[in-house]
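In order, the protein sequence lines correspond to chains C and W.
Note that the first sequence covers residues 153 to 604 in our numbering.
Note that the second sequence covers residues 153 to 604 in our numbering.
All remarks here apply to the structure that follows.
Protein chains: 2
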Amino acid sequence: MLAPERKGAFLPKPYLSAAAQFAASNDTPRDLLERCLAAIAEFEPQIGAFVHLDIPAALQAADRSTERWRAGRPLSPIDGMPIGIKDIIETADMPTQMGSPLFDGYRSERDAASVVALRAAGAVILGKTVTTEFAASEPRGTRNPWDPRRTPGGSSSGSAAAVAAGMLSTALGTQVIGSTIRPASYCGCVGFKPSVGALNRLGSHDYLSQSCTGVLATTLEDAWQVAYEIAVRAGGDPGYPALSGPAQAPAAKKPQRLAFLETGGWSAATADAKQGMQDALARFKAAGIEILTRGSNAKVAAAETAIAGAWPVSTKINEWESRWPLNIYRDRDANKLSKRMLDRLVHAEAMRPADYSLLLEEREMVRRIYAELASECDGCVTLSAPAAAPIGLHSTGDAAFAVAFSLLGVPAVSLPRLQDDGLPLGLQVTGFAQGDAATVAVAAWLGHADAQ
Amino acid sequence: MLAPERKGAFLPKPYLSAAAQFAASNDTPRDLLERCLAAIAEFEPQIGAFVHLDIPAALQAADRSTERWRAGRPLSPIDGMPIGIKDIIETADMPTQMGSPLFDGYRSERDAASVVALRAAGAVILGKTVTTEFAASEPRGTRNPWDPRRTPGGSSSGSAAAVAAGMLSTALGTQVIGSTIRPASYCGCVGFKPSVGALNRLGSHDYLSQSCTGVLATTLEDAWQVAYEIAVRAGGDPGYPALSGPAQAPAAKKPQRLAFLETGGWSAATADAKQGMQDALARFKAAGIEILTRGSNAKVAAAETAIAGAWPVSTKINEWESRWPLNIYRDRDANKLSKRMLDRLVHAEAMRPADYSLLLEEREMVRRIYAELASECDGCVTLSAPAAAPIGLHSTGDAAFAVAFSLLGVPAVSLPRLQDDGLPLGLQVTGFAQGDAATVAVAAWLGHADAQ
Chain C
153 MLAPERKGAF
163 LPKPYLSAAA
173 QFAASNDTPR
183 DLLERCLAAI
193 AEFEPQIGAF
203 VHLDIPAALQ
213 AADRSTERWR
223 AGRPLSPIDG
233 MPIGIKDIIE
243 TADMPTQMGS
253 PLFDGYRSER
263 DAASVVALRA
273 AGAVILGKTV
283 TTEFAASEPR
293 GTRNPWDPRR
303 TPGGSSSGSA
313 AAVAAGMLST
323 ALGTQVIGST
333 IRPASYCGCV
343 GFKPSVGALN
353 RLGSHDYLSQ
363 SCTGVLATTL
373 EDAWQVAYEI
383 AVRAGGDPGY
393 PALSGPAQAP
403 AAKKPQRLAF
413 LETGGWSAAT
423 ADAKQGMQDA
433 LARFKAAGIE
443 ILTRGSNAKV
453 AAAETAIAGA
463 WPVSTKINEW
473 ESRWPLNIYR
483 DRDANKLSKR
493 MLDRLVHAEA
503 MRPADYSLLL
513 EEREMVRRIY
523 AELASECDGC
533 VTLSAPAAAP
543 IGLHSTGDAA
553 FAVAFSLLGV
563 PAVSLPRLQD
573 DGLPLGLQVT
583 GFAQGDAATV
593 AVAAWLGHAD
603 AQ
Chain W
153 MLAPERKGAF
163 LPKPYLSAAA
173 QFAASNDTPR
183 DLLERCLAAI
193 AEFEPQIGAF
203 VHLDIPAALQ
213 AADRSTERWR
223 AGRPLSPIDG
233 MPIGIKDIIE
243 TADMPTQMGS
253 PLFDGYRSER
263 DAASVVALRA
273 AGAVILGKTV
283 TTEFAASEPR
293 GTRNPWDPRR
303 TPGGSSSGSA
313 AAVAAGMLST
323 ALGTQVIGST
333 IRPASYCGCV
343 GFKPSVGALN
353 RLGSHDYLSQ
363 SCTGVLATTL
373 EDAWQVAYEI
383 AVRAGGDPGY
393 PALSGPAQAP
403 AAKKPQRLAF
413 LETGGWSAAT
423 ADAKQGMQDA
433 LARFKAAGIE
443 ILTRGSNAKV
453 AAAETAIAGA
463 WPVSTKINEW
473 ESRWPLNIYR
483 DRDANKLSKR
493 MLDRLVHAEA
503 MRPADYSLLL
513 EEREMVRRIY
523 AELASECDGC
533 VTLSAPAAAP
543 IGLHSTGDAA
553 FAVAFSLLGV
563 PAVSLPRLQD
573 DGLPLGLQVT
583 GFAQGDAATV
593 AVAAWLGHAD
603 AQ
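In structure tokens form, the structure reads like this:
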């Protein structure tokens with residue numbers, strides 16, 4: 153649906169279709185990596201998606217993977233997948249700098265649980281992708297592949313930009329407000345934010361209670377596979393069930409009923425974005441899917457009301473939970489924190505434990521109300537962002553359509569199916585807690601059906 | 153109730169009673185610290201409670217506190233409290249070695265959230281106390297103050313031993329199975345394990361889902377105050393309400409009804425321990441408190457049945473949740489992990505995510521059944537351990553009476569009110585999730601009433 157001349161500029165690197173050729177000996181992980189490296193050579197100087205690349209190590213890993221495929225013994229379906237790691241997730245052989253000058257050159261000398269899992273599955277870790285400061289709001293210069301004047305979104309800025317530009321097959325992101333869904337929307341790739349807790353975050357500088365590790369990918373199948381391979385090896389966060397579902401991407405499943413949620417974002421959406429959403433809904437209806445709305449269904453109306461305040465609640469929860477370590481960073485060198493981050497700390501330090509308890513209660517209440525929708529429909533659809541990526545690199549854009557599902561802790565997928573101003577815009581499909589496989593199955597149907 | 157000649161060997165250092173004298177200018181934090189240092193000089197060579205002491209820094213901190221008290225401006229009720237930090241909790245100015253040779257000399261260069269809070273409250277951080285390897289099972293040589301042939305219990309071995317021997321007023325511990333309640337019982341001090349999540353663990357090498365930070369202290373009032381001062385400044389774990397309650401220890405409150413829980417430990421308890429418990433129950437009855445038992449109350453019987461399997465469920469949960477970082481430690485240098493720890497990892501790596509999900513469901517079911525008791529009684533009582541500290545330093549003893557309340561995530565207090573073989577044994581008082589203040593109020597009544 154995007155202007156062909158733009159789409160042609162990038163050669164996306166879907167992985168599983170390539171791996172099918174590995175098995176048939178028509179392609180190799182080494183060749184796939186070389187194609188990624190060619191894209192990096194071409195686009196990275198302008199886009200700035202990486203903070204660190206380790207090409208020699210990646211070439212070695214790809215060669216070992218090539219040998220395994222030749223021997224008919226790949227470690228997993230993602231053996232040989234070129235993947236990037238958001239730079240708040242630790243890697244033993246690369247720095248982890250968290251988008252903060254406080255961590256310039258910092259090396260933890262260990263792999264995060266998710267990275268241990270990816271290596272065990274044979275993935276080729278090509279580099280660390282740019283994150284905003286501590287995966288929050290302060291951008292770090294990455295440009296949108298579709299228009300370098302525009303933000304790629306954040307906080308998983310580099311992950312989305314690199315995947316969209318064909319420099320990687322997939323990349324890990326995280327999301328606590330809109331950090332996977334928004335950049336996926338802006339960059340025109342797939343974003344998958346699983347249920348909260350579904351992918352083990354130990355070893356990631358990410359301990360906020362509604363945050364989770366997500367995946368940016370060219371295809372939904374690739375996104376699922378990465379999440380699955382992490383979950384099956386590393387599990388979820390302590391205290392949470394891991395992502396569960398089939399060992400290959402769930403088969404597309406046509407939903408009978410979908411709820412269209414305006415969320416807090418609708419009023420900010422552009423006319424083009426709204427029209428794109430309405431057109432998509434019309435296509436779904438034409439395919440025989442019943443669309444529930446706030447006007448037609450009381451539980452949808454209740455959910456809309458409940459999630460309307462998602463942004464301030466999420467923001468305050470994150471602020472309180474960020475006090476440590478921001479307070480020790482401030483005391484160490486306040487000049488190395490952005491003004492945005494210092495402001496966050498000031499807000500946090502004005503809060504009391506009882507304020508936070510009330511926010512947790514409010515979050516639980518919103519989650520209960522949304523969960524009621526599970527008896528009404530097979531999932532929800534909405535925009536992934538109110539507009540195409542805005543011009544300017546000073547902000548990562550508006551997360552108004554993503555934040556509700558972060559607060560809810562439910563699975564969300566952004567499909568690069570819409571456009572605004574000739575630029576990518578995501579169609580967001582969301583589901584219910586721990587219903588990751590069902591959500592992906594619905595998203596697969598909507599994405600594929602809509603593409604035909 | 154302990155043999156006076158033994159009790160007399162130590163001069164416990166209750167803090168709040170000393171602080172009352174600070175306010176009256178009859179005592180100072182410097183003097184209190186000096187008395188702790190005298191005890192350290194006398195007992196530490198034999199007991200081995202500390203892995204690191206920073207006496208010059210503590211003296212400076214005590215002097216600053218002394219000045220604040222003189223000026224009538226203490227930072228908090230615990231300004232000047234000599235406190236030890238279990239060595240899995242990070243401290244900016246001391247090593248954090250986690251009872252593991254993998255972390256010999258390791259310095260994180262940052263304070264954990266709880267340590268930030270303690271410093272802000274004016275507490276005097278005197279040193280790091282011995283922990284078993286990664287706060288699990290492998291002991292690290294600390295001896296029981298009452299009998300150096302015996303274990304002090306674990307994993308908060310040094311914290312309990314140091315407090316019991318009067319080397320510290322209080323110390324931080326943690327508990328995921330029995331690591332606060334058991335050493336408190338063995339060493340004859342107060343142990344307070346709050347509701348899971350009640351005290352912020354960020355910056356502690358402790359990310360297991362049913363673990364929590366606890367306090368070892370000479371008095372229950374001191375234990376409450378430490379927990380309160382942490383909670384009010386640092387909050388709880390992300391996603392959990394912080395410990396809540398009054399700014400000074402809750403007033404003693406006579407319970408109307410208590411449930412006596414045998415737990416999985418009763419069959420292992422010595423005759424002396426059982427007799428001590430029965431005598432205590434008789435005293436409570438004589439004071440007019442109704443005692444519910446598995447024989448007299450169906451919900452108590454249901455709770456007993458539910459918690460009977462607490463040990464294997466807790467162990468497996470901990471194993472799964474420990475895979476990372478144990479797997480990276482093993483790959484780095486397996487010789488620096490104990491056989492116990494390597495065995496734990498082997499068990500963990502034989503598990504699948506679905507096994508863990510079932511364990512979480514079982515834990516939730518047990519929690520729901522226990523929570524039903526809240527309508528029946530004001531709390532539960534049982535032993536803190538099946539016997540006095542066993543002879544030998546190769547094991548930290550039997551946590552059979554503590555583990556259920558770790559699985560349940562409920563507040564638990566060990567009071568040094570019983571004895572076995574002439575050695576300390578704890579009376580355990582437990583409550584309901586987030587009911588920390590109510591539990592402490594009941595424990596205060598039982599402890600004080602029983603002492604009269």
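Even for Gly, the Cβ is constructed at its ideal location relative to N, Cα and C.
Since the structure is predicted, the reported quantities are computational estimates derived from the model, not experimental observations.
Keeping to the same chain, check which residues put their C-beta closer than 6 angstroms to that of residue i; ignore five residues upstream and five downstream.
i	result
Y167/C	M233, S321 and D374
A596/W	L372 and A404
S169/W	none
I192/W	M319
S490/C	E285 and E290
R302/W	N296, A541 and I543
Bridge partners for residue i per DSSP, in chain order?
i	result
N296/W	D299/W
K280/C	H204/C and I237/C
L570/W	L577/W
I199/C	DSSP, once it has assigned bridges, lists no residue as partnering I199/C.
I543/C	R302/C
S309/C	In DSSP, S309/C forms no bridge with anything.
S356/C	I241/C
Quick one: what does DSSP say residue i is sitting in, helix, strand or coil?
i	result
T534/W	strand
K238/W	strand
V562/W	coil
A601/C	helix
E342/C	In the sequence on display, residue 342/C carries Val and not Glu. It is a strand residue.
I615/W	The structure shown does not extend to residue 615/W, since chain W is modelled only from 153 to 604, so the question has no answer here.
E528/C	coil
S321/C	coil
L444/W	strand
T591/C	helix
R457/C	According to the sequence displayed, residue 457/C carries Thr and not Arg. It is helical.
T582/C	strand
P164/C	coil
T467/W	helix
Kindly list the residues whose CB is nearer than 7 angstroms to the CB of residue i, restricted to its own chain and excluding five residues on each side of it in sequence; keep chain order.
i	result
D256/W	Q249
I443/W	L410, F412, L433, F436 and K437
A601/C	A439
Y258/C	P247, T248 and Q249
H499/W	E471
T445/W	F412 and V452
A420/C	P538, D550 and A552
Is residue i near residue j, with beta carbons less than 9 angstroms apart?
i	j	result
A394/W	A383/W	yes
P477/W	G349/C	no
G366/W	T332/W	yes
E514/W	V555/W	no
A552/C	P563/C	no
I277/C	T467/C	no
G428/W	L598/W	no
R475/W	G387/C	yes
G325/W	A317/W	no
V203/W	G279/W	yes
T283/W	A314/W	no
For residue i, collect the residues of the same chain with a Cβ closer than 8 angstroms to its Cβ; drop the 5 residues on either side in sequence, then sort them by chain order.
i	result
H357/C	I240, I241, E242, T248, M250, F286 and A287
L525/C	A411, K451, V452, A455, C532 and F584
L511/C	V465, K468, I469 and W472
Unbroken stretches of the beta strand (DSSP E), 3 residues or longer, contained in the stretch 206-260 of chain C: Within the stretch 206-260 of chain C, the complete beta strand (DSSP E) runs of at least 3 residues are 234-238.
What beta strand (DSSP E) runs, 3 residues minimum, are completely inside the stretch 358-426 of chain C? Runs found: 364-369 and 409-412.
Threshold first: 4 residues or longer. Then list the alpha helix (DSSP H) segments lying entirely within the stretch 499-526 of chain W, N to C. Counting only runs of 4 or more, we get 505-523.
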